[in-house]
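So the structure is just underneath, and the comments pick up after that.
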Amino acid sequence: MKLFVRTFGCQMNVHDSERIEEIMVRAGYELALSPAEADVLVVNSCTVREKAWHKAISEAGRLGIQKRRRKEVLVVVAGCVAEQEKERVWKLVPVVDLVVGPDRYKELPAMVEEVRREGGRAARHGFDAGQPGDFLSTHASGKRRAASAFLTVMKGCSEQCSYCIVPSVRGPRRSRPSVDILGEAALLVSEGARELTLLGQTVNSYRDGELTFGRLLREMDQLTLLQRLRFTSPHPRFMTQEVIDCFGALRTLCESLHLPVQSGSDAVLARMKRRYTAEHYRQVAQGLRRGCEDISLTTDIIVGYPGETDADFHETLRLIEEVGFAGAFSFKYSTRPGTPAAALEDDVPEQVKAERLAKVHEVIERLSASARALEIGRTVEVLVEGKGRNAGQVTGRTRKNQIVNFVPKQRTVEELIGQLVWAKVRQALPHSLEGEEA
Ligand code: 5AD
Ligand code: SF4
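As numbered in the numbering used here, residues 74 to 511 make up the sequence shown, in order.
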């Protein structure tokens, strides 16, 4: 039996897909290279914005086409749309057999078995079916891992950002016991991971008794073989001095941070229930740069939140310029069912949202181009991930999370994958850097 998983959404979901694969492989499945050769097709879905929801629903329908040739194929909708729509998925996409929410992946092999044996359909949703705070972790597998690995430290979200559907599809915040995290970290590193990314919806709100997120970062930094530590996604409200002080002080903590701001207008931030001001965000950014001058900051921006005026939007542009983001994901506001903001009129006209989005793109493009231009002539440390854009090149990321394609001196691509290599940057391209091994 073969499994194919298509992933949408955030890094949390990318990690969840790896877990789904592991669970199924342990149950005897092999991984298929394409949907055409798979017996079980999984859409690991995202619903954070309306567009993501549509993508997941249409992908489930598209994968269902495989059933025309092979009736026995099963289509699974997993992830956030599964948790949001539950059994309604079957009304939306009749070709779907199984619906499984983000906290129920352990049950997937049994669900598949059940449907194969008895026919019909199955759905599992709701949070923490097993023990409370049950986390899918990586089990000792003895296999050599990729040099970069994810590590879940908490799940769910208890913030109440008015526009956001995540708390309702991922449940309330649950922090994982630190002994489990440190144990899994040690295992991942012993299996070859050199870069770890700590995951959680508001990752820096992590707490295990007295152990704060800042302490956790310090503990991780003690892992001798670990070279790079990252975390995503933090909330500005939990950027304590203790966490800020880790940047520039901890050997492994990379000089880059994705810190979603959403808006630069205090009025909009208040209505979004973000519970910080633009000034607080500026202070955090300044604090980070004090300890780590060269830190690369990126963010998320929502344009066209209900009631956003031109003046509000200009505040956002001003903040973007002042902080000097090296990159940003920006989105037009879209109403998510069941969220507090769904009660508000989505009153910013589509055309205005589109213009604001284009403006944000323009500013961010300019800022990110200048951030890349600063790297020309520098020698940077690259964690090599694979073959590069052009023949003879390899590709990887710097500590600032910039993509570098470079020509190796002597070693082959295979020898370099997973290695930290120094490269001299010669050129900055629209989304990456180019150079050669130093
Ligand atoms: N509309 C538009 N963007 C949204 N995001 C979350 N909810 C919405 C919404 N309803 C964006 C935020 C968040 C990112 C993951 O998605 O910017 O940080
Ligand atoms: Fe999408 Fe949010 Fe779910 Fe991640 S947690 S997959 S961003 S809805």
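Glycine residues also receive a C-beta, built at the ideal position from the N, C-alpha and C atoms.
Asked: Per-residue DSSP class, three states only, for residue 179; Found: helix
Asked: Inter-stretch contact (C-beta, 8 Å, three-pair minimum) for the region 324-344 and the region 370-378; Found: yes
Asked: Residue range of the alpha helix (DSSP H) that includes residue 373; Found: Careful: residue 373 lies outside any alpha helix (DSSP H), inside the beta strand (DSSP E) at 369-376.
Asked: Residue 511: CB within 8 Å of a non-hydrogen atom of ligand 2; Found: no
Asked: Completely contained alpha helix (DSSP H) runs for the region 97-137, where each covers 4 or more residues; Found: 123-137
Asked: Residue 235 beta carbon near ligand 2 (any heavy atom closer than 8 Å); Found: no
Asked: Identity of the residue in 443, 412, 498 nearest residue 233 by Cα; Found: 412
Asked: Cut-off 7 Å between Cβ atoms - residues of its own chain near residue 213, not counting five sequence neighbours on either side; Found: Note that residue 213 scores 49 on pLDDT, short of 50, meaning its location in the model is unreliable and no value can be drawn from it.
Asked: For residue 508: DSSP bridge partner residues; Found: 479, 498
Asked: Distance cut-off 8 Å: residue 503 Cβ against heavy atoms of ligand 3; Found: Ligand 3 is absent from the structure shown, which contains only ligand 1 and ligand 2.
Asked: Status (buried if at least 16 other CB within 10 Å, exposed otherwise) for residue 500; Found: exposed
Asked: Coarse secondary structure for residue 15, derived from DSSP in three states; Found: Nothing can be reported for residue 15: it is not among the residues displayed for the chain, which extend from 74 to 511.
Asked: Option nearest residue 417 by Cα separation, candidates 502, 98, 381, 387; Found: 381
Asked: Minimum length 4: unbroken alpha helix (DSSP H) runs contained in the region 233-284; Found: 239-243, 251-263
Asked: The alpha helix (DSSP H) enclosing residue 351, as first and last residue numbers; Found: 351-364
Asked: Residue 295 - DSSP class collapsed to helix/strand/coil; Found: coil
Asked: Residues of its chain near residue 457, where Cβ-Cβ distance is below 7 Å and the 5 sequence neighbours each way are ignored; Found: 467, 469, 489, 490, 491, 492, 494
Asked: Supposed contact pair residue 166 and residue 138 - C-beta distance, whole angstroms, cut 8 Å; Found: Not really, about 12 Å apart at Cβ, beyond 8 Å.
Asked: Euclidean distance between Cα positions of residue 507 and residue 86; Found: 30 Å
Asked: Distance cut-off 8 Å: residue 407 Cβ against heavy atoms of ligand 1; Found: yes
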